[in-house]
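This report concerns only the one structure given below.
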Amino acid sequence: MSVVQSYIDLIRSQRDISQPLYLLVDPLEVADEDDCFSLESLENTLGKGSIAVVERPDLSHTLADCPHLVLLAQAGEPLDGKLGDVFDATIEYAHNEHPAERRYICGWLQSGLGLHALAAEIARRTVYAAAQGDMIAIANADADDALPAGARIYPVYEPLRQELIAYACNEAAPHIHAQWLGAISQWIVPASNRGFLCFKAEPVSPADSANAANTADGPVMLPQSAINAQIDTALAADVLRTWVYLCTQPLGPEQRQQMPLLARSQYTLPQGAVYMALQQLHAAHSRGLADAKDRQVFAIMRLTMHPRMEQHPVVRERIDHAVRSPSSLAAQMRQLSHVQIMRILQELDA
Numbered sequence: 000m001s002v003v004q005s006y007i008d009l010i011r012s013q014r015d016i017s018q019p020l021y022l023l024v025d026p027l028e029v030a031d032e033d034d035c036f037s038l039e040s041l042e043n044t045l046g047k048g049s050i051a052v053v054e055r056p057d058l059s060h061t062l063a064d065c066p067h068l069v070l071l072a073q074a075g076e077p078l079d080g081k082l083g084d085v086f087d088a089t090i091e092y093a094h095n096e097h098p099a100e101r102r103y104i105c106g107w108l109q110s111g112l113g114l115h116a117l118a119a120e121i122a123r124r125t126v127y128a129a130a131q132g133d134m135i136a137i138a139n140a141d142a143d144d145a146l147p148a149g150a151r152i153y154p155v156y157e158p159l160r161q162e163l164i165a166y167a168c169n170e171a172a173p174h175i176h177a178q179w180l181g182a183i184s185q186w187i188v189p190a191s192n193r194g195f196l197c198f199k200a201e202p203v204s205p206a207d208s209a210n211a212a213n214t215a216d217g218p219v220m221l222p223q224s225a226i227n228a229q230i231d232t233a234l235a236a237d238v239l240r241t242w243v244y245l246c247t248q249p250l251g252p253e254q255r256q257q258m259p260l261l262a263r264s265q266y267t268l269p270q271g272a273v274y275m276a277l278q279q280l281h282a283a284h285s286r287g288l289a290d291a292k293d294r295q296v297f298a299i300m301r302l303t304m305h306p307r308m309e310q311h312p313v314v315r316e317r318i319d320h321a322v323r324s325p326s327s328l329a330a331q332m333r334q335l336s337h338v339q340i341m342r343i344l345q346e347l348d349a
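Per numbering that gives the first Met the number 0, residue 0 is the first one in the sequence shown, and the count goes up by one each step.
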């Protein structure tokens, strides 16, 4: 059985046939219009009434660029024939999309809500950064409401962002993400390790509902760490992109020796890879590295060379120099010979 077929079987097995099945796509990443899952093809196959726009406040003037929610199957409707072929094709396409780039397939959702009600529910789950200072907030508002002046939208329907929220919630408050899903009973998203993650909703507990943020007027408030993760999503994606490249491209023998943690396959990034990348970026910042490129180099060293790379005195000295001077961390590390790096790795494991 192929890897893709195993994912198709797994995702099919998660379907609750008592609820409608939806597909969420992002037109900002264009699919070939000849593909059976392009918006043009889906409109021809399912009808225009099966597609709804999920309005983004920052794209309200160009609704064609907003995400689109597609009703793939009604409750009780089997996934067979042409419909089944479309569903399977979306899974294969999602598996093959680059995990660090913008994705066309943003997941498969189930809910007791109808198409337009669910589209509105997704639209309410938008994270924005307010203009004043570094304050971050959840926009629990209708798309028609005015966007705060200077606010920056973080589209959390994107799979990488959804994955970061889920992992950050799991560390801070394990049940919050499931409660935040609200009426979205299940959301399966493509994951950063080329697999898939299945998120299921759960009801808000009486204790949580006492929180003023948890009202009928908006989703459950996410922990601050989950919201803050959105700020560094682009940097985490850059680290993930480099990590995938190193896993899949030919390397010289010395490079392979210097990166013993590097798995030589596109399918062997660990689960939660993008959250691991984010954690390394935070560790780099705590170490005093403010430059984005330096933080990325630090993250890749930890992910591919040694998880405690910065603890070796020689490497620590290089990091300190990069913090204090205009010289980059990459330039500092290039001054070390292959023999020196291998000795560092051996001493860290001693």
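Note that beta-carbon positions come from the ideal geometry of N, C-alpha and C, so glycine has one too.
Just so we're clear, the structure is a prediction, and the values are computed from it rather than from any experiment.
Use the C-beta contact count for residue i: other C-beta atoms within 10 angstroms, 16 or more gives buried, fewer gives exposed.
| i | result |
| --- | --- |
| residue 337 | exposed |
| residue 313 | exposed |
| residue 275 | buried |
| residue 249 | exposed |
| residue 191 | buried |
| residue 259 | exposed |
| residue 189 | buried |
| residue 193 | buried |
| residue 77 | exposed |
| residue 325 | exposed |
| residue 0 | exposed |
| residue 87 | buried |
| residue 115 | exposed |
| residue 79 | exposed |
| residue 120 | buried |
| residue 181 | buried |
| residue 270 | exposed |
| residue 210 | Note on residue 210: pLDDT 47, under 50, position unreliable in the model; the coordinate value appears next. The residue in question, residue 210, is exposed, as its Cβ has fewer than 16 Cβ neighbours within 10 Å. |
Quick check on the DSSP output: the alpha helix (DSSP H) that includes residue i runs from which residue to which?
| i | result |
| --- | --- |
| residue 340 | 337-348 |
| residue 297 | 291-303 |
| residue 362 | Only positions 0 to 349 of the chain appear in the structure, and residue 362 is not among them; the question remains open. |
| residue 40 | 38-45 |
Does the beta-carbon distance from residue i to residue j come in below 8 Å?
| i | j | result |
| --- | --- | --- |
| residue 280 | residue 322 | no |
| residue 277 | residue 231 | yes |
| residue 186 | residue 106 | yes |
| residue 268 | residue 311 | no |
| residue 55 | residue 173 | no |
| residue 38 | residue 60 | no |
| residue 272 | residue 246 | no |
| residue 168 | residue 222 | yes |
| residue 295 | residue 241 | yes |
| residue 99 | residue 3 | no |
| residue 184 | residue 165 | no |
Within a Cβ cutoff of 8 Å, which residues of the same chain sit near residue i, ignoring the five residues on either side of it in sequence?
| i | result |
| --- | --- |
| residue 317 | 328, 331, 332, 334, 335 |
| residue 92 | 30, 34, 36, 103, 104 |
| residue 101 | 25, 27, 28, 157 |
| residue 133 | Caution is warranted here: a pLDDT of 47 is assigned to residue 133, below 50, making its placement in the model unreliable, and no coordinate value can be reported. |
| residue 84 | 35 |
Hey, could you find the ends of the beta strand (DSSP E) residue i is sitting in?
| i | result |
| --- | --- |
| residue 51 | 50-52 |
| residue 320 | Careful: residue 320 lies outside any beta strand (DSSP E), inside the alpha helix (DSSP H) at 312-323. |
| residue 273 | Residue 273 -> not in any beta strand (DSSP E); alpha helix (DSSP H) instead, spanning 272-285. |
| residue 17 | Premise fails: residue 17 is in no beta strand (DSSP E) and is neither H nor E. |
| residue 153 | 151-153 |
| residue 72 | 67-72 |
| residue 104 | 104-110 |
By Cβ distance, which residues of its chain are closer than 7 Å to residue i, with the 5 residues on each side in sequence left out?
| i | result |
| --- | --- |
| residue 254 | none |
| residue 58 | 64, 65 |
Which residues in the same chain as residue i place their Cβ atom closer than 6 Å to its Cβ, once the five residues preceding and following it in sequence are excluded?
| i | result |
| --- | --- |
| residue 118 | 51, 53, 68 |
Q. Is the segment 291-305 close to the segment 217-229, with three or more CB pairs under 8 Å?
A. no
Q) So does the segment 46-56 actually touch the segment 2-16, counting three or more Cβ pairs closer than 8 Å? A) Note that the segment 46-56 does not touch the segment 2-16; fewer than 3 beta-carbon pairs, one per stretch, sit closer than 8 Å.
Q) Any contact of the segment 105-120 with the segment 12-19, i.e. 3+ C-beta pairs under 8 Å? A) yes
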